[in-house]
């Protein structure tokens with residue numbers, strides 16, 4: 104009995120001397136010092152922040168433990184935590200609420216992780232933070248208000264990241280810098296702040312002008328750990344220090360062209376050239392009839408720091424290639440453009456055509472198979488196949504817009520292209536799209552009507568439950584033929600009616616023309632809860648009867 108009392112006494116004394124050591128995390132060590140209780144976890148394969156960390160720690164150091172993220176409320180229960188070191192892990196994601204509950208945190212070190220961005224608003228939960236170490240990460244952006252919630256900071260290390268451009272306003276909006284400005288020259292009123300920004304790939308163009316000037320003028324209480332910041336680009340300024348360069352103010356693009364009116368014979372090679380001056384160097388895009396050019400490539404050559412030349416080469420020009428081409432240049436300051444007119448001299452005409460829209464001709468004939476290749480909640484992709492005598496000379500016109508709108512957007516598609524996609528449409532909206540050869544006006548039998556979805560779950564449900572069988576009639580565009588569509592949700596008599604009508608029309612065409620065309624069956628995705636099965640030649644009363652029979656199908660259909 105005496106032995107038991109002695110053992111209990113020793114145990115009690117041990118717990119008093121070393122409180123809490125018994126409930127330390129497995130694979131970690133816990134210590135007590137004059138700063139409080141500490142947790143040290145080194146090279147332990149955790150993978151995530153443990154949920155059972157005791158709440159009496161003032162210092163936590165978890166390094167080389169394969170952590171990949173800081174989730175919401177990672178240390179929420181440890182209110183007394185002052186020092187948090189999570190160096191040399193593999194953290195790629197930091198939740199905006201990951202520092203929740205850490206009002207007493209004064210030091211956060213995240214060196215040697217894989218962070219590409221920081222949710223800077225997270226520091227609203229750490230008003231006492233003085234040390235923030237983010238070196239050796241993958242940060243490439245420092246937002247203008249990044250330091251807004253760090254009024255007590257005395258050490259900020261952003262060295263060895265991927266920063267290329269930052270604004271002077273990042274520091275102008277820093278509360279500590281604003282306080283320092285008011286107390287400039289009054290020694291002792293503001294603590295010194297160590298700022299480390301070296302070993303980043305700074306892009307020394309006009310966008311960095313304000314920051315370069317700030318670095319040159321910076322003085323205590325802000326102290327640069329390394330004041331010799333170096334440019335990595337552009338080529339003319341690479342490997343030069345900030346104090347060795349002079350940067351100009353940014354400039355909106357100015358575009359020009361030496362030749363703005365080009366005349367060429369049929370099948371010649373055309374080269375359209377525009378020259379743009381801007382700071383910084385802009386992005387350049389060519390447009391034709393207000394649409395991005397499809398199937399044509401441009402090349403760019405940089406003449407100097409603020410001048411770039413763009414060339415658009417069109418091999419073996421066709422009549423469909425003539426028209427107004429626009430060279431558009433854009434940088435963050437603004438945009439500009441210059442127009443170049445391309446005229447093609449046709450041997451069959453006495454004067455060159457100045458419009459990309461040739462006159463209609465009865466010779467412009469052929470038959471086309473059209474289908475909806477893909478439909479998303481707010482978009483659609485069309486595909487078509489054309490059978491004609493001159494496919495290399497055949498171009499198309501797409502008429503697109505809301506079903507009830509008389510004004511449709513017109514898109515010209517060049518030879519050799521047989522698909523078109525449109526996205527970002529309005530939800531639960533009825534649209535109509537028509538495809539014609541060259542500049543023929545669309546007939547009702549050359550159009551598709553569809554309705555966009557209301558949300559993703561609705562479309563996914565229809566993709567599982569609805570399959571549309573489309574009977575696409577091979578159509579001679581000069582002599583339009585009918586098109587019909589029925590859904591598998593429609594009643595069988597509706598399907599039979601559609602098939603009978605298609606067969607009758609086919610037999611009629613064979614008797615009149617003595618030719619036989621191959622018809623195709625393609626699948627369309629569904630887009631609404633209404634099914635329409637129509638004969639384009641029916642009377643209105645007959646149409647209503649057909650619609651009643653097909654009730655319950657889809658609203659993606661062909662006229």
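In the working numbering, the protein residues as written are 104 to 662. The beta carbon of each residue, even a glycine, is placed where N, CA and C say it ideally should be.
Identify the continuous beta strand (DSSP E) that holds residue 210 and give its terminal residues. 210-212
Could you tell me the boundaries of the beta strand (DSSP E) in which residue 166 lies? 160-166
Same chain only: Cβ atoms within 6 Å of residue 568, ignoring 5 sequence neighbours per side: Unreliable positioning characterises residue 568 in this predicted model, as indicated by a pLDDT of 39, which lies under 50. The coordinate reading is nonetheless provided below. No residues qualify anywhere along the chain.
Nearest-angstrom Cβ-Cβ length linking residue 181 and residue 170, presumed shorter than 8 Å: About 16 Å; that fails the 8 Å criterion.
Apply the 10 Å Cβ neighbour rule to residue 130 and answer buried if 16 or more other Cβ atoms are within range, or exposed otherwise. exposed
Which class does residue 313 belong to by DSSP, given the choice of helix, strand or coil? helix
Assign residue 213 to buried or exposed, taking buried as 16 or more other Cβ atoms, counted over all protein chains shown, within 10 Å of its Cβ. buried
Closest residue to residue 245 among 258, 264 and 254 (Cα-Cα distance): 264
With 16 as the cutoff for other CB atoms within 10 Å, does residue 319 come out buried or exposed? exposed
Any idea what DSSP makes of residue 385, helix, strand or coil? coil
To the nearest angstrom, report how far apart residue 485 and residue 543 are at their CA atoms. 19 Å
Do you know whose CA, among 136, 556, 347 and 474, lies nearest residue 549's CA? 474
Starting from residue 273 and walking both ways along the beta strand (DSSP E), at which residues does that stretch end? Here residue 273 belongs to no beta strand (DSSP E); instead the alpha helix (DSSP H) covers 272-275.
State the DSSP-derived secondary structure class of residue 227, mapped to helix, strand or coil. helix
For the structure I just gave you, are there three or more beta carbon pairs, one from the stretch 193-207 and one from the stretch 252-270, closer than 8 Å? no
Could you tell me which whole alpha helix (DSSP H) segments of length 4 or greater appear in the stretch 311-361? 312-320
Is it right to say residue 400 is buried, meaning 16 or more other beta carbons lie within 10 angstroms of its own, or is it exposed? exposed
Alpha carbons only, please: which of 156, 552, 226 and 535 is nearest the one belonging to residue 127? 156
With a 10 Å radius around its C-beta and 16 neighbouring C-beta atoms as the bar for buried, classify residue 160 as buried or exposed. buried
Residue 533 at chain E interface by Cβ criterion, 7 Å: Reference to chain E is not applicable here, since this structure consists of a single protein chain.
Own chain partners of residue 207 with C-beta closer than 8 Å, once the 5 adjacent residues on each side are dropped: 182, 183, 184, 185 and 231
Which word fits residue 145, buried or exposed, when buried means at least 16 other C-beta atoms lie within 10 angstroms of its C-beta? exposed
Is residue 445 closer than 7 Å to residue 365 when the C-beta atoms are compared? yes
Given residue 378 as reference, the closest of 371, 372 and 386 once Cα atoms are compared: 386
Go to residue 139, then tell me how far its beta strand (DSSP E) extends in each direction, as first and last residue. 139-145
Boundaries (first-last residue) of the beta strand (DSSP E) holding residue 368: 364-368
Identity of the residues DSSP links to residue 445 by a beta bridge: 365 and 426
Cβ neighbours of residue 309 in the same chain (closer than 7 Å, five flanking residues each side left out): 350, 351, 352, 353, 382 and 383
What residue from 283, 325 and 198 has the CA that sits closest to residue 223's CA? 198
Under the three-state reduction of DSSP, which class applies to residue 218: helix, strand or coil? coil
Are at least three pairs of beta-carbons, each pair with one atom in the stretch 323-334 and one in the stretch 296-315, less than 8 Å apart? yes
Residue 520 - DSSP class collapsed to helix/strand/coil: coil
Can you grab the Cα-Cα spacing for the pair residue 347 / residue 326, in whole Å? 20 Å
Leaving out the 5 sequence neighbours to the left and right, which residues in its chain are closer than 6 Å to residue 427 when beta-carbon positions are compared? 442 and 444
Figure out for me which residue from 221, 233, 340 and 240 has the closest Cα to the Cα of residue 247. 221
Going straight from the alpha carbon of residue 340 to that of residue 439, what length do you get? 27 Å
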